[in-house]
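Protein chains: 2
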Amino acid sequence: MVTITALDTFDVRFPTSLAHDGSDAMNPDPDYSAAYVVLRTNSPDGLAGYGLVFTIGRGNDVQTAALAALEHFVVGRTVDGIVGDLGAFARELNGDSQLRWLGPEKGVMHMAIGAVINAAWDLASRRAGKPLWRFIADMTPEQIVDQVDFRYLTDALTPAQALEILRAAEPHKRERIAQLEAEGYPAYTTSPGWLGYSDEKMQRLARQAVEDGFRTIKLKVGLRLEDDIRRCRLARETVGPDIAIAVDANQRWDVGTAIDWLRPLEDVGLAWVEEPTSPDDVLGHAAIRHAVSPTPISTGEHGQNRVIFKQLLQAGAVDLIQIDAARVGGVNENLAILLLAARFGVRVFPHAGGVGLCELVQHLAMADFVAITGRKEDRAIEFVDHLHEHFVDPVRIEHGRYRAPTAPGFSAQMHESSIRDHLFPHGIVWSALPLAAGG
Amino acid sequence: MVTITALDTFDVRFPTSLAHDGSDAMNPDPDYSAAYVVLRTNSPDGLAGYGLVFTIGRGNDVQTAALAALEHFVVGRTVDGIVGDLGAFARELNGDSQLRWLGPEKGVMHMAIGAVINAAWDLASRRAGKPLWRFIADMTPEQIVDQVDFRYLTDALTPAQALEILRAAEPHKRERIAQLEAEGYPAYTTSPGWLGYSDEKMQRLARQAVEDGFRTIKLKVGLRLEDDIRRCRLARETVGPDIAIAVDANQRWDVGTAIDWLRPLEDVGLAWVEEPTSPDDVLGHAAIRHAVSPTPISTGEHGQNRVIFKQLLQAGAVDLIQIDAARVGGVNENLAILLLAARFGVRVFPHAGGVGLCELVQHLAMADFVAITGRKEDRAIEFVDHLHEHFVDPVRIEHGRYRAPTAPGFSAQMHESSIRDHLFPHGIVWSALPLAAGG
Numbered sequence: 001m002v003t004i005t006a007l008d009t010f011d012v013r014f015p016t017s018l019a020h021d022g023s024d025a026m027n028p029d030p031d032y033s034a035a036y037v038v039l040r041t042n043s044p045d046g047l048a049g050y051g052l053v054f055t056i057g058r059g060n061d062v063q064t065a066a067l068a069a070l071e072h073f074v075v076g077r078t079v080d081g082i083v084g085d086l087g088a089f090a091r092e093l094n095g096d097s098q099l100r101w102l103g104p105e106k107g108v109m110h111m112a113i114g115a116v117i118n119a120a121w122d123l124a125s126r127r128a129g130k131p132l133w134r135f136i137a138d139m140t141p142e143q144i145v146d147q148v149d150f151r152y153l154t155d156a157l158t159p160a161q162a163l164e165i166l167r168a169a170e171p172h173k174r175e176r177i178a179q180l181e182a183e184g185y186p187a188y189t190t191s192p193g194w195l196g197y198s199d200e201k202m203q204r205l206a207r208q209a210v211e212d213g214f215r216t217i218k219l220k221v222g223l224r225l226e227d228d229i230r231r232c233r234l235a236r237e238t239v240g241p242d243i244a245i246a247v248d249a250n251q252r253w254d255v256g257t258a259i260d261w262l263r264p265l266e267d268v269g270l271a272w273v274e275e276p277t278s279p280d281d282v283l284g285h286a287a288i289r290h291a292v293s294p295t296p297i298s299t300g301e302h303g304q305n306r307v308i309f310k311q312l313l314q315a316g317a318v319d320l321i322q323i324d325a326a327r328v329g330g331v332n333e334n335l336a337i338l339l340l341a342a343r344f345g346v347r348v349f350p351h352a353g354g355v356g357l358c359e360l361v362q363h364l365a366m367a368d369f370v371a372i373t374g375r376k377e378d379r380a381i382e383f384v385d386h387l388h389e390h391f392v393d394p395v396r397i398e399h400g401r402y403r404a405p406t407a408p409g410f411s412a413q414m415h416e417s418s419i420r421d422h423l424f425p426h427g428i429v430w431s432a433l434p435l436a437a438g439g
Numbered sequence: 001m002v003t004i005t006a007l008d009t010f011d012v013r014f015p016t017s018l019a020h021d022g023s024d025a026m027n028p029d030p031d032y033s034a035a036y037v038v039l040r041t042n043s044p045d046g047l048a049g050y051g052l053v054f055t056i057g058r059g060n061d062v063q064t065a066a067l068a069a070l071e072h073f074v075v076g077r078t079v080d081g082i083v084g085d086l087g088a089f090a091r092e093l094n095g096d097s098q099l100r101w102l103g104p105e106k107g108v109m110h111m112a113i114g115a116v117i118n119a120a121w122d123l124a125s126r127r128a129g130k131p132l133w134r135f136i137a138d139m140t141p142e143q144i145v146d147q148v149d150f151r152y153l154t155d156a157l158t159p160a161q162a163l164e165i166l167r168a169a170e171p172h173k174r175e176r177i178a179q180l181e182a183e184g185y186p187a188y189t190t191s192p193g194w195l196g197y198s199d200e201k202m203q204r205l206a207r208q209a210v211e212d213g214f215r216t217i218k219l220k221v222g223l224r225l226e227d228d229i230r231r232c233r234l235a236r237e238t239v240g241p242d243i244a245i246a247v248d249a250n251q252r253w254d255v256g257t258a259i260d261w262l263r264p265l266e267d268v269g270l271a272w273v274e275e276p277t278s279p280d281d282v283l284g285h286a287a288i289r290h291a292v293s294p295t296p297i298s299t300g301e302h303g304q305n306r307v308i309f310k311q312l313l314q315a316g317a318v319d320l321i322q323i324d325a326a327r328v329g330g331v332n333e334n335l336a337i338l339l340l341a342a343r344f345g346v347r348v349f350p351h352a353g354g355v356g357l358c359e360l361v362q363h364l365a366m367a368d369f370v371a372i373t374g375r376k377e378d379r380a381i382e383f384v385d386h387l388h389e390h391f392v393d394p395v396r397i398e399h400g401r402y403r404a405p406t407a408p409g410f411s412a413q414m415h416e417s418s419i420r421d422h423l424f425p426h427g428i429v430w431s432a433l434p435l436a437a438g439g
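Shown next, in the form of structure tokens:
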């Protein structure tokens, strides 16, 4: 009987603030970090499950403590008992009444629960010998519905409605798997757009992105309007009319400010405006969208749970949504969000970058293509070429497209040496710095 | 120069699950707990500031770790530097870009920030020799406006509009202070209504509540409809037509379930229905309110921040709101919420009970009466007669009314012996239990 013998946690941080990589209007000096969790087993082959929460530095220790607080939910239990019913496992963690008080279903505790659930999915798909996207795709519609907690969703999506969506996809799965393996999944890139970059660097990277096959690029905005107008127009000149340009304000504006800021950008022909205001402000997004139409509005990378996504869709507040693999309650809650989006006919452009977010979220987008919507060419997964070398099964990008992962699991496993060297605050990378930037 | 020399934290838990005190439809076995924080100074008179986050057991260690992570914001700084501009201090903590990623402004990290901000207000009002409600009441309208972070609020409340509300109150402050000190502030009681109680115990406690002078009682509902109908009707028979009866579903229902559940309760004549569904579901509350009108709908004790309250008010989703002293970003964010409620003309019935929540929130309601709305007889502060003996300056309830606190500070300080005995897991109360219920 294979059992889970340990839940190990690691506070892993990368001193990215030294190079201004990842800088935006709200986050001037992030140290990209992962609160990393491993579910170890007594299986002779070393079977384990890996998960992480992405943070940007300070507080990664708190996030790691939240992971450690979940130890008693898993240690001593059989792998069969957990991965045999991942829906029940997710409901058990999210439903724990005492932990629920700390959210409910939001913030540090919810992200920790999501990472442990993701680690259990990693374990399950490794044991099945399949990459996670394929593990999900091979489930029946009924099995997928069983993964979803419909609490608070039934006024927008019932289990029967979800089943209908999934059953419609069922006959096409085989052909879609072949298509995905042959074509990959579109990516877009944020690499040119960080606020800390000069115009020249932005243009150079934008040209490079187009040469590399990307059809959409994204720029950070929101610090100074005149800079944004200049940068967006420069980017449009640089990439020409056929490449989509999105912008990301990272929650910088109030509703009125967003409207005033976006009107002078209308002539750039933006593909979308991401996070114009607070990620909690459903009605605010609806008001902005109405005022700046036809400029498309989006949000979601900080969407705390399925209840916020439900409302964004019900209110017609967004033209498209971002999902994030490490923000909500794991694969299960992201399946709920993907099904909601499918029900409302809204496109999903997964958020990635950070540490390991590309590795994780590609699986969800691909599972959505095969088992839910059958759509991929009208959407794209974010890509930032950053920190992938620390992962055992890094993403593979070719001609601006994500190749479908083939290794078993959820691609969250990091190299032992990367973890060891970047442990905060005593890993060699941090102890070598004169002042710990994340402290 | 008085400086802050330490931020000390304590994981304090009470084994309340042993007696089913505090049981409701979502929380069957809470162990009422406090992640407790002390800002110590080098002042010769022992000046310190006290704050806490209320939790219900598991995870209180994570919450305590989040408090500890804020040490570098305060230790080594002068007391003048912090309490001289509490608005700037609150914006600094809430605006830290790296910590913000862990919410933003919600969950474990936000509650920790709120507790440290509250401890700073405690320190400020102690130093001024005033109870917190009076410390706020004695501020000018301009000073109160400076406490508020208007980010994400200006589509509903601008600084100028807030100033207008506060200036209208200014000429009446002196008379209101006298009135408050003479009359106290109405309380309502949840003591009879816990789900774990028998009908007989509920009736006995309801009769006692009326004899004690309470004009409103609250019952927990949401586990079984037939029980709720019976208990509500029994309660109505017991207290007669002149006592208000509220019910609290503690987030138990989906939107459709709430509507179906509440219709058979309509003849009870409920004063309000609290937390019918997810605290995040603004549109859901609006749909429920519309469907069950005229039964009043409320929420707020789990309202994560001012953005959710703004939307509840904008959407006309609630008839009244609860505020909680330890859920949002401290006194500053609660001032924002009180000003929003005043602007929309919605009554506030503060959430209390738990550990120290009565002690804290009474100050906010009283400050609202004196400096903001001038209203108190059409609203009430929750009261549960529970755990007050652990506080140095416990609430005083007389004839169903809160007496205005007179001791300097925010009333959050606990007795040293209470902290020591209830430290988890090694305090004497926990080490004497055969199995640590909170573990």
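These protein sequence lines map, in sequence, to chains A and B. Counted the way our numbering counts, the first sequence spans residues 1 to 439. Counted the way our numbering counts, the second sequence spans residues 1 to 439. Every residue, glycine too, gets a C-beta built ideally from N, C-alpha and C.
| query | result |
| --- | --- |
| For residue 36 (chain A), which residues does DSSP report across the bridge? | A:10, A:52 |
| Note down, one range per segment and in chain order, each beta strand (DSSP E) of at least 3 residues found wholly within the stretch 247–328 of chain A. | 297–299 |
| Grab me the residues of residue 379 (chain B)'s own chain with a C-beta within less than 8 Å of its C-beta, minus the 5 sequence neighbours each way, in chain order. | 186, 320, 347, 348, 349, 365 |
| Residues in the same chain with beta-carbon distance under 6 Å from residue 35 (chain A), minus the five sequence neighbours each way, listed in chain order, please. | 53, 60, 63, 64, 67 |
| Ignoring anything shorter than 4 residues or poking outside the stretch 354–387 of chain B, list the alpha helix (DSSP H) runs there in chain order. | 357–367 |
| Taking a cut of 9 Å between CB atoms, which residues from the stretch 159–188 of chain A lie near chain B? | none |
| Compare the C-beta of residue 368 (chain B) against all C-beta atoms of chain A and say whether one is closer than 7 Å. | no |
| Give me, in chain order, the residues of the same chain whose beta-carbon lies closer than 8 Å to that of residue 340 (chain A); leave out the 5 immediate sequence neighbours on both sides. | 153, 156, 157, 306, 309, 310, 313 |
| Is there a Cβ from chain A that is less than 7 Å from the Cβ of residue 421 (chain B)? | no |
| Assuming residue 48 (chain B) contacts residue 39 (chain B) under a Cβ cut-off of 8 Å, what Cβ separation, rounded to an integer in Å, is found between them? | 6 Å |
| Closer than 9 Å, Cβ to any Cβ of chain A: which residues of the stretch 97–123 of chain B, in chain order? | 97, 98, 99, 100, 101, 102, 103, 104, 105, 106, 107, 108, 109, 110, 111, 112 |
| When Cβ atoms are compared, which residues of the stretch 384–418 of chain A fall closer than 8 Å to chain B? | none |
| Determine the closest residue to residue 474 (chain A) out of A:330, A:357, A:315, with distance taken between C-alpha atoms. | Since the first residue shown for chain A is 1 and the last is 439, residue 474 (chain A) is missing from the structure and cannot be characterised. |
| Do residue 109 (chain B) and residue 103 (chain B) have their C-beta atoms closer together than 7 Å? | yes |
| Helix, strand or coil for residue 191 (chain B)? Go by DSSP, reduced to three states. | strand |
| According to a CB-to-CB cut-off of less than 9 Å, which residues of the stretch 273–299 of chain B neighbour chain A? | 277, 278, 279, 280, 281, 282, 283, 284, 287 |
| For chain A, is any of its Cβ atoms less than 7 Å away from the one on residue 58 (chain B)? | yes |
| Which residues in chain B sit within 7 Å of residue 506 (chain A), going by Cβ to Cβ distance? | There is simply no residue 506 (chain A) to check, as chain A begins at 1 and stops at 439 in what is shown. |
| Under 7 Å between C-beta atoms, does residue 437 (chain A) make it to chain B? | Caution applies to residue 437 (chain A), whose pLDDT of 46 falls short of 50 and renders its modelled position unreliable; the value that the coordinates give is listed next. Not closer than 7 Å to any Cβ of chain B, the Cβ of residue 437 (chain A) fails to qualify, so no. |
| For chain A, find out if any of its Cβ atoms is closer than 7 Å to the Cβ of residue 6 (chain B); answer yes or no. | no |
| Taking all protein chains shown into account, decide if residue 412 (chain A) is buried (16 or more other Cβ within 10 angstroms of its Cβ) or exposed. | buried |
| What number of angstroms, rounded off, separates the C-alpha of residue 132 (chain B) from the C-alpha of residue 368 (chain B)? | 12 Å |
| So is residue 334 (chain A) buried or exposed if we call it buried at 16+ other beta carbons inside 10 Å? | buried |
| Who are the near neighbours of residue 146 (chain B) in its chain, counting only those whose CB is closer than 7 Å to its CB and skipping five residues on each side? | 87 |
| When you compare the CB positions of residue 384 (chain A) and residue 198 (chain A), do they come within less than 7 Å of one another, or not? | no |
| Anyone know if the C-beta pair for residue 404 (chain B) and residue 361 (chain B) falls short of 7 Å? | no |
| Output needed for residue 180 (chain A): all residues of its chain with C-beta closer than 7 Å, excluding positions within five of it in sequence on either side, in chain order. | 366, 369, 370, 404 |
| Give a yes or no on whether the minimum CB-CB distance between residue 250 (chain A) and chain B is below 7 Å. | no |
| What are the boundary residues of the beta strand (DSSP E) that includes residue 441 (chain B)? | Here chain B has residues from 1 to 439 only, and residue 441 (chain B) is not among them. |
| Strictly by DSSP, which residues pair up with residue 419 (chain A)? | None; residue 419 (chain A) has no bridge partner. |
| For residue 57 (chain A), which option in A:82, A:318, A:11, A:398 has the closest C-alpha, if you only look at C-alpha atoms? | A:11 |
| Against residue 155 (chain A), what residues of chain B qualify as contacts under a CB-to-CB distance less than 8 Å, listed in chain order? | 254, 255, 256, 284, 287 |
| Is it the case that the Cβ atoms of residue 184 (chain A) and residue 402 (chain A) are separated by a distance below 7 Å? | yes |
| Determine, using beta carbons only, whether residue 69 (chain B) comes closer than 7 Å to chain A. | yes |
| Using beta carbons (cut-off 7 Å, strictly below), is residue 322 (chain B) in contact with chain A? | no |
| Could you tell me which residues DSSP pairs with residue 414 (chain A) in its beta bridges? | A:391 |
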